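Student: Shown below is the structure under consideration.
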Ligand SMILES: NC(=O)c1ccc[n+]([C@@H]2O[C@H](COP(=O)([O-])OP(=O)(O)OC[C@H]3O[C@@H](n4cnc5c(N)ncnc54)[C@H](OP(=O)(O)O)[C@@H]3O)[C@@H](O)[C@H]2O)c1
């Protein structure tokens, strides 16, 4: 087998724990797929998981690979896998426990892998799975958004927010949202109307919304409630203990936790393939230079200009 390197770490911690090292991909289970990675993309959760914030879920088995989102070509499949074949071009995400997409090859469960639309470049495909998959489930599975309804997307230019705006518009919804002051022209090009800044006063927004999606996890619930139409739903991307508790109570507030649902991933892949969904790429770096790029991204804040894409050599 050709080179198999990945970005991995031997303990949870700061960016200094990251190493680019040779590794042996794990043996395929019946539902596993081995993918030769052509592009991978970073998400905020990569940093939280490396720092150990989710160690109750991710465990203490080291070394751990880093990264979830990938696009590539199927190299081998487990015995239960009939939907995907060696040589297929795919996009997908590794499981929370598995991870390891910043690599030459990744092993992932088939549920989180779908065919890549033919015209969609590998780098664009790699930006889609987690951000757009979460946006899709937030809008439609949790937010129950229907064509003709109204949605307000807080943080509408981040990866989840921007995905939500495009998916909601394609679904026939009317989209409003917030962005950082100065970014209004960019928000306007996505058809967002009206556009508020992050600290907006909800009394200045007269329209009422069937779904309010907080795509940054920073929107005070009181503000969200003021903008809600009768029977409307508030959906937050932030699964904090307080939000999880509130979400369990009767009422309009819900938290989305992205899940591997193949049909949902197929829907967002189709939207990307049809040209209805694109996330900007800010930087593309080879795997050999990815650790400094990831460190810089983490330290300078995320997504000011778009996704970081990592391309194996
Ligand atoms: N629950 C889940 O399953 C799930 C799945 C995926 C992501 N997430 C979470 O969703 C959030 C967004 O993820 P992402 O991939 O979209 O990240 P991202 O691309 O970095 O976008 C974050 C957005 O938040 C904006 N922002 C920064 N500070 C803000 C503030 N004080 N108020 C409002 N907006 C602010 C940013 O604006 P600027 O770019 O102008 O700074 C950016 O638009 C993250 O917290 C991530 O962990 C949750």
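In the UniProt record's numbering, the protein residues as written are 1 to 313. No residue lacks a Cβ here, since even glycine has one placed at the ideal position from N, Cα and C. Keep in mind that this is a model prediction, so the values were computed, not measured.
Would you list the one or two residues that DSSP bridges to residue 178?
Tutor: Translated into the one-based positions of the chain shown, residue 178 becomes position 178. For residue 178, which the question treats as bridged, DSSP gives the partners 196.
Student: Hey, would you say the C-beta of residue 56 is under 7 angstroms away from at least one heavy atom of ligand 1?
Tutor: As a first step, residue 56 is located in the chain shown; it is residue number 56 there, counting from the start. No - ligand 1 has no heavy atom lying nearer than 7 angstroms to the Cβ of residue 56.
Student: Along the beta strand (DSSP E) that carries residue 21, what are the first and last residues, could you check?
Tutor: Stepping through the chain shown from its first residue, residue 21 is reached at position 21. Taken as a continuous stretch (DSSP letters only), the beta strand (DSSP E) holding residue 21 covers 19 to 22.
Student: What are the start and end residues of the alpha helix (DSSP H) that includes residue 265?
Tutor: For the purposes of this step, residue 265 is taken as residue 265 along the chain shown, with counting starting at 1. Note, residue 265: alpha helix (DSSP H), 262 to 273.
Student: Mind the definition here: the region 53 to 70 touches the region 78 to 96 only if three or more C-beta pairs lie below 8 angstroms; say whether that holds.
Tutor: Yes: at least three Cβ pairs fall under 8 angstroms.
Student: State buried or exposed for residue 179, treating a residue as buried only when at least 16 other CB atoms are found within 10 Å of its CB.
Tutor: As a position in the chain shown, residue 179 is number 179, starting the count at 1. Under this definition residue 179 is a buried residue.
Student: Using a Cβ-based criterion (distance less than 7 angstroms to any ligand heavy atom), does residue 243 qualify as near ligand 1?
Tutor: Here residue 243 is taken as the residue at index 243 of the chain shown, counted from 1. False, no ligand heavy atom lies under 7 angstroms from that Cβ.
Student: Quick check: the Cα distance between residue 338 and residue 75, rounded to an integer number of angstroms?
Tutor: One cannot answer for residue 338 here, as it falls past the ends of the chain, which runs 1 to 313.
Student: At a cut-off of 7 angstroms, is residue 140 close to ligand 1 when judged by its beta-carbon and the heavy atoms of the ligand?
Tutor: Residue 140 sits at position 140 when you count from the first residue of the chain shown. Checking the Cβ of residue 140 against ligand 1 gives no.
Student: Drop a sphere of 10 angstroms on the beta-carbon of residue 222, count the other beta-carbons inside from all chains shown, and report buried for 16 or more, exposed for fewer.
Tutor: Numbered from 1 along the chain shown, position 222 holds the residue referred to as residue 222. Its Cβ having fewer than 16 others within 10 Å, residue 222 is exposed.
Student: Taking buried to mean at least 16 other C-beta atoms within 10 Å of its own C-beta, is residue 6 buried or exposed?
Tutor: Counting from one through the chain shown, the residue named residue 6 turns up at place 6. The residue in question, residue 6, is buried, as its Cβ has 16 or more Cβ neighbours within 10 Å.
Student: Using a Cβ distance threshold of 8 angstroms, determine whether the region 157 to 171 contacts the region 120 to 140, with at least three qualifying pairs required.
Tutor: Short answer: they touch.
Student: Starting from residue 88, trace the beta strand (DSSP E) in both directions and tell me its first and last residue.
Tutor: Locating residue 88 in the chain shown gives position 88, counting from the first residue. Counting along the chain, residue 88 falls outside any beta strand (DSSP E), and DSSP gives it neither H nor E.
Student: Just the C-alpha distance for residue 146 and residue 259, rounded to the nearest angstrom, thanks.
Tutor: In the chain shown, counting from the first residue as 1, residue 146 sits at position 146. In the chain shown, counting from the first residue as 1, residue 259 sits at position 259. About 21 angstroms.
Student: Do residue 190 and residue 166 come within 8 angstroms of each other at the CB atom, strictly closer than that value?
Tutor: Counting from one through the chain shown, the residue named residue 166 turns up at place 166. Counting from one through the chain shown, the residue named residue 190 turns up at place 190. Contact: yes.
Student: Buried or exposed, going by whether 16 or more other CB atoms sit within 10 Å of the CB of residue 294?
Tutor: Walking along the chain shown from the start, residue 294 turns up at place 294. Its Cβ being crowded by 16 or more others within 10 Å, residue 294 is buried.
Student: For residue 236, report the span of its beta strand (DSSP E) as first-last.
Tutor: Locating residue 236 in the chain shown gives position 236, where the first residue counts as 1. 228 to 236 is the span of the beta strand (DSSP E), which, as asked, contains residue 236.
Student: By alpha-carbon positions, which one of 285, 245, 207 and 242 ends up nearest to residue 230?
Tutor: Translated into positions along the chain shown, residue 230 becomes position 230. It is 207.
Student: Should the region 97 to 107 be regarded as contacting the region 34 to 50, the criterion being three or more beta carbon pairs within less than 8 angstroms?
Tutor: Yes, the region 97 to 107 touches the region 34 to 50.
Student: Take residue 244 and list the residues in its own chain whose beta-carbon comes closer than 7 angstroms to its own, dropping the five residues that flank it on each side.
Tutor: Walking along the chain shown from the start, residue 244 turns up at place 244. Cβ neighbours of residue 244 beyond the five flanking positions: 255.
Student: List in chain order: all unbroken beta strand (DSSP E) runs of 3+ residues lying wholly within the region 110 to 166.
Tutor: The region 110 to 166 contains these whole beta strand (DSSP E) runs: 113 to 115 and 150 to 154.
Student: Flag this pair as touching only if the region 51 to 59 and the region 77 to 90 have three or more C-beta atom pairs under 8 angstroms; answer yes or no.
Tutor: These segments do not touch.
Student: Please confirm whether any heavy atom of ligand 1 lies closer than 7 angstroms to the CB of residue 283.
Tutor: Within the chain shown, the letter at position 283 stands for residue 283. No, ligand 1 has no heavy atom inside 7 angstroms of this Cβ.
Student: How close, in whole Å, do the beta carbons of residue 311 and residue 284 come, if the pair is a contact with beta carbons under 8 angstroms?
Tutor: Along the chain shown, read from residue 1 onward, the residue named residue 311 stands at position 311. Along the chain shown, read from residue 1 onward, the residue named residue 284 stands at position 284. Yes, residue 311 and residue 284 are in contact; Cβ-Cβ is about 6 angstroms, under 8 angstroms.
Student: For the pair the region 148 to 160 and the region 210 to 220, tell me if three or more CB-CB distances fall below 8 angstroms.
Tutor: As far as the Cβ criterion goes, the region 148 to 160 touches the region 210 to 220, which means the pair count is three or higher.
Student: Can residue 237 be considered in contact with ligand 1, in the sense that its beta carbon sits closer than 7 angstroms to one or more heavy atoms?
Tutor: Looking up residue 237 in the chain shown gives position 237. Yes, since a heavy atom of ligand 1 falls inside the 7 angstroms radius drawn around the Cβ of residue 237.
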